[in-house]
Amino acid sequence: MTHDLRLAGRIADYLIYLEGGRILEEGRGEEILARPQTAELRRFLAEPDEKES
40 MTHDLRLAGR IADYLIYLEG GRILEEGRGE EILARPQTAE LRRFLAEPDE KES
């Protein structure tokens, strides 16, 4: 489990994106991160990493 989806996408074969205890997206990491289908995941990916602020 991680909050760093970009890292997870590089090292995991399969990702599940959860929000509020619900599965919003799942599938191959590269595909989910390249073409997110939900507004929630697009918003999450657009947020700056905390470590960069």
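The opening residue of the sequence shown carries number 40 in this note's numbering; numbering runs sequentially from there.
Glycine included, each C-beta is placed from N, C-alpha and C at the ideal position.
Distance between beta carbons of residue j and residue i, contact taken as under 8 Å
{"i": "I5", "j": "E79", "result": "This structure cannot settle anything about residue 5, because the visible part of the chain is limited to 40 through 92."}
{"i": "G68", "j": "D52", "result": "7 Å"}
N- and C-terminal bounds of the alpha helix (DSSP H) containing residue i
{"i": "E69", "result": "68 to 73"}
{"i": "E86", "result": "No alpha helix (DSSP H) contains E86, which DSSP labels as neither H nor E."}
{"i": "G48", "result": "44 to 50"}
Local Cβ density within 10 Å of residue i, reported as buried at 16 or more and exposed below that
{"i": "L54", "result": "buried"}
{"i": "P87", "result": "exposed"}
Beta-carbon proximity list for residue i, same chain, < 8 Å, skipping 5 on both sides
{"i": "I62", "result": "I55, Y56"}
{"i": "G48", "result": "L54, G68, E69, I71, L72"}
Cut-off 7 Å between Cβ atoms - residues of its own chain near residue i, not counting five sequence neighbours on either side
{"i": "Q76", "result": "E64"}
6 Å CB neighbourhood of residue i in its chain, flanking five on each side removed
{"i": "T17", "result": "Since the first residue of the chain shown is 40 and the last is 92, residue 17 is not available in this structure."}
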